[in-house]
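Residue numbers (this note's numbering): -1 to 381.
For each residue, glycine too, the CB sits at the ideal point set by N, CA and C.
Predicted model only: the values in this text are computed from it and were never measured.
See below for the structure under consideration.
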Amino acid sequence: MFVIMTLSFAPQTRAMPALRLCLLLAAIVSLTCGHARLLGAVVPATDARVLNGLSPYNWTVQGESVGSSICGASITLKFSGTRHVSLEVDTSRIVTPIASRYPIIAWSVNGGARQTHQLSPRETSVVLASEVDSPLIDLYIKGVSPYEDRWSGCLPPNAVSVTGFKVDEGGAAVAVELPGEIWLNIGDSIMSGDAAGYAEGQGRPANDAWAASDDGRASYGYLLAQHYGYREARIAYGGYNWGGGMAGIPALTTLIDQRSAAVSRLTGQVLLPAPSVVLINLGENGVPADRDVTDALGTLRRRVEPATKIIVMLPLSGRGRAEINRAFEAYKLAARDYNAWLIDLGQIPYGTADGQHLTAAGHRAVFEAALPAFDAILERGSH
-1 MFVIMTLSFA PQTRAMPALR LCLLLAAIVS LTCGHARLLG AVVPATDARV LNGLSPYNWT
59 VQGESVGSSI CGASITLKFS GTRHVSLEVD TSRIVTPIAS RYPIIAWSVN GGARQTHQLS
119 PRETSVVLAS EVDSPLIDLY IKGVSPYEDR WSGCLPPNAV SVTGFKVDEG GAAVAVELPG
179 EIWLNIGDSI MSGDAAGYAE GQGRPANDAW AASDDGRASY GYLLAQHYGY REARIAYGGY
239 NWGGGMAGIP ALTTLIDQRS AAVSRLTGQV LLPAPSVVLI NLGENGVPAD RDVTDALGTL
299 RRRVEPATKI IVMLPLSGRG RAEINRAFEA YKLAARDYNA WLIDLGQIPY GTADGQHLTA
359 AGHRAVFEAA LPAFDAILER GSH
């Protein structure tokens, strides 16, 4: 206001052509708005109200930022006093030349349409909400590292870090009330099926380019957790095999020990703080030995509560059906574990991109087919 009045009364203003005056005023307004934008506040990623919204077991605090080694981790955020929110990230450590492996984010604002964006090594900020009152943001990050270590829990040196959220001056994060009970998914197809972002019959792009559009919230593991009113968490496990998989992935029993023995920098507690339900679906890439199955189930039971429901779902392909069934029954009999169940959906139709990896429609079909079995185990419908 002071700037405009000064211009109005300056002697040279009357002689200035109207066009020049308009251009000068526009430039000043632009500079003023830009200056106001620079004065915006940044809510750090380590703000307690931000940490409250992180999916359990999936994040690690590193200094002033947070990162994840999980193949898909989520944040639920709410802000007050701001109409604009930008995600602030550090992408400087991405070194791969393969653009299709750059991390992607997917988000929705106040329950609206889902948006996606693939990060690049030079990006530091992505607009999540603009001109929205009290934005509630459901944010999902896929592939924080182009070659992530999804099983040990260690953040790769080339991982993306979330440093904070830029808001209007006076804006702040608000703690979101989230479900108190946790549903833990263990597996890879349970997370996304590698093709959840693709249409029926589209096929799987070359060089795993599916990572650029995959969204684990389409997965039947996530859908089941949401349907029954749980807060979903995951231990991503590549290779689909109880005894270990591709690229040196360890046996599931080792994975559970690695994840649960470490101490979370977020809470100071072990990484498996009593989920109410654990759902496991492994076996696609190999037929497991009985010992691998029984050891993994025994280790998992020792890391959770006696009341935790451990549910093993046989691979949809049927591979390893007899072996997993036999090993599961041997474990349950020996351990007298009355809170462990086996689900075999048999042969059901579901959509895939390439004969193996589920599309979003395929995940929905598996979710719907699984509901009767889960209703019987959980003894309740959705709530």
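Original post:
Near T122, which residues of its chain fall below 8 Å by C-beta distance, leaving aside the five closest residues on each side in sequence?
Top reply: E86, V87, D88 and T89
**OP:** Would you decide whether S118 is buried or exposed? Buried here means 16 or more other CB atoms lie within 10 Å of its CB.
**Re:** exposed
**OP:** Give every residue of the same chain whose Cβ lies closer than 6 Å to the Cβ of P54, excluding the five residues on either side of it in the sequence, and list them in chain order.
**Re:** I180 and A231
Original post:
Does DSSP put R362 in a helix, a strand or coil?
Top reply: In the displayed model, R362 falls within a helix according to three-state DSSP.
Original post:
With DSSP run on the structure shown, which of helix, strand or coil describes T386?
Top reply: The chain is shown from -1 up to 381; residue 386 falls before or after that span and cannot be answered.
**OP:** Identify the continuous alpha helix (DSSP H) that holds Q354 and give its terminal residues.
**Re:** Run containing Q354: none; DSSP gives neither H nor E here.
Subject >> 6 Å Cβ shell around K307 - same chain, five flanking residues per side excluded >> reply: V275 and N337
Original post:
Got a sec: is the Cβ-Cβ distance from A231 to anything in chain D below 8 Å?
Top reply: Note that chain D does not occur in the displayed structure, where there is just one protein chain.
**OP:** Mind checking who E230 pairs with in its DSSP beta bridge?
**Re:** As a beta-bridge residue in DSSP terms, E230 pairs with W181.
Subject >> the region 354 to 362 in contact with the region 212 to 221 per 3-pair CB rule at 8 Å >> reply: yes
Original post:
Looking only at its own chain, which residues have a Cβ that is under 8 Å from the Cβ of L65, when we skip the five neighbours before and after it?
Top reply: The displayed chain sequence assigns Gly, not Leu, to residue 65. Around G65: W57, T58, V142, L153, A157, V158, S159 and V160.
**OP:** Would you tell me roughly how many angstroms separate the C-alpha atoms of E321 and P304, rounded to the nearest one?
**Re:** Their backbone Cα atoms lie some 25 Å apart in a straight line.
Subject >> Own chain residues within Cβ distance below 6 Å of S72, not counting five before or after >> reply: S53 and Y138
Original post:
In terms of alpha-carbon separation, which member of R301, A249 and A272 lies closest to P284?
Top reply: The sequence given here places Gly at residue 284; Pro does not occur at that position. Taking the Cα of G284 as reference, the smallest distance to any Cα among R301, A249 and A272 is reached at A249.
Subject >> Cα-Cα separation between L312 and V48, rounded to whole angstroms >> reply: 36 Å
Subject >> Identified DSSP bridge partners for I309 >> reply: L277 and W339
Original post:
Any chance the CB of A111 is under 7 Å from a heavy atom of the ligand NAP?
Top reply: Within the structure as shown, the ligand NAP is missing, as the structure has no ligands at all.
Original post:
Taking Cβ positions, are L176 and R229 nearer each other than 8 Å?
Top reply: yes
**OP:** Mind checking who G65 pairs with in its DSSP beta bridge?
**Re:** G65 is bridged to T58.
Subject >> Among I341, Q116 and G109, nearest to I102 - alpha-carbon criterion >> reply: Q116
Original post:
Since A371 and P347 are thought to touch, with beta carbons under 8 Å apart, how far apart are those beta carbons, to the nearest angstrom?
Top reply: The Cβ separation is near 17 Å, so there is no contact.
**OP:** Quickly, what does DSSP pair L331 with across the bridge? List them, please.
**Re:** L331 is not bridged to any residue.
Original post:
If we ignore side chains and look at the alpha-carbon of each, how far apart do T350 and H361 end up?
Top reply: When rounded, the distance between both Cα atoms is 9 Å.
**OP:** Would you mind sorting R334 into buried or exposed? The rule is 16 or more other CB atoms within 10 Å of its CB.
**Re:** That one is exposed.
**OP:** List the endpoints of the continuous alpha helix (DSSP H) containing L222.
**Re:** Y218 to H225
Original post:
Roughly how many whole angstroms lie between the Cα atoms of G227 and V174?
Top reply: 15 Å
Original post:
To which residues does DSSP link T74 through a beta bridge?
Top reply: Its beta-bridge partners are D136.
Original post:
Are the beta-carbon atoms of F77 and P133 separated by less than 8 Å?
Top reply: Yes, these two residues count as a Cβ contact at 8 Å.
Original post:
Opposite P42 in the DSSP bridges: which residues?
Top reply: G162
Subject >> Buried or exposed by the 16-neighbour rule on C-beta atoms within 10 Å, applied to R301 >> reply: buried
Subject >> Length of the line joining the Cα atoms of A367 and L222 >> reply: 11 Å
Original post:
What residues in its chain sit with their C-beta under 6 Å from that of D342, if we drop five residues either side in the sequence?
Top reply: L312
Original post:
Where do the N-terminal and C-terminal ends of the beta strand (DSSP E) with V93 fall, by residue?
Top reply: No beta strand (DSSP E) holds V93; DSSP gives it neither H nor E.
Original post:
Terminal residues of the continuous beta strand (DSSP E) containing A127?
Top reply: Unbroken beta strand (DSSP E) run through A127: S123 to S128.
Subject >> Cβ neighbour criterion (16 or more within 10 Å) applied to P273 >> reply: buried
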